[in-house]
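Using the numbering used here, you'd call the opening residue of the sequence shown number 1 and step up by one each time. Yeah, the Cβ is synthetic: ideal placement off N, Cα and C, and Gly gets one too. A quick note: this is a predicted structure, and the numbers were derived from the prediction, not measured. Let me begin by presenting the structure, written as structure tokens, before commenting on it.
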Amino acid sequence: MRGWGLRGMIQNPLLWPIYALCAADMAWLSFHIVRTSLYNPDVVWNHNSNPEPWNDHREKRYRLWAGTYDYSKRPCLAPIFKDGDVIPVAQPDEE
1 MRGWGLRGMI
11 QNPLLWPIYA
21 LCAADMAWLS
31 FHIVRTSLYN
41 PDVVWNHNSN
51 PEPWNDHREK
61 RYRLWAGTYD
71 YSKRPCLAPI
81 FKDGDVIPVA
91 QPDEE
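As structure tokens, then:
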């Protein structure tokens, strides 16, 4: 075995696809980590400026695919958390 280093890769071209796939996987992993840490509403970087970050996304919809359903007409059923208290939200009548 010539090794997994640069010299072994150059001498054995059969290992080139393995190195290419590993590099592509690392690039995808880096992209996914950055995207999740910057755009996911569950990730909070600064608790000092906003001590209750979950209330920012209370009326927003975080979804992968919305389809044709209009979410703006549906009321938010999530309870309101304020200063350690839970304020329940009245449930609408289901028809």
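Spanning the alpha carbons of R35 and N48 requires a straight line of approximately 23 Å. CA-to-CA, the gap between V43 and L14 works out to about 42 Å. Under the DSSP assignment, D25 falls in the alpha helix (DSSP H) whose first and last residues are 16-39. When the Cα atoms are used, P51 and A24 turn out to be separated by approximately 38 Å. Non-local C-beta neighbours of R74 in its own chain, meaning closer than 7 Å and more than five positions away in sequence, are absent.
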